[in-house]
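Residue numbers (this note's numbering): 429 to 482.
Every residue gets a Cβ at the ideal spot worked out from N, C-alpha and C, and that includes glycine.
Owing to the predicted nature of the structure, the values given are computational and were not obtained by experimental measurement.
What follows is a short report on a single structure.
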Amino acid sequence: MDYDYMSDDELFVALKEKAPAAAETVEEVNDSNRQTTIAFLKFLSDVKKGDGVW
């Protein structure tokens, strides 16, 4: 997924799907947390693929 081009609402939905516990700590995706949310979602995608992020 190309998170960089998703709307804030789409990012929040993706966060709820991929990391529901993390989404509970985020009220919404906005300018102040957008880049952090994108980085976290990319990290989760890399871990799932097993790209050796550890």
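{"Check": "Rounding to the nearest angstrom, what Cα-Cα distance links L439 and K477 in this structure?", "Outcome": "20 Å"}
{"Check": "Cβ atoms of D436 and N458: under 8 Å apart, would you say?", "Outcome": "yes"}
{"Check": "Along the chain, which unbroken stretches of the beta strand (DSSP E) at least 3 residues long are found entirely within the region 444-476?", "Outcome": "none"}
{"Check": "Which class does D393 belong to by DSSP, given the choice of helix, strand or coil?", "Outcome": "The requested residue 393 does not occur in the structure, where the chain is confined to residues 429 to 482."}
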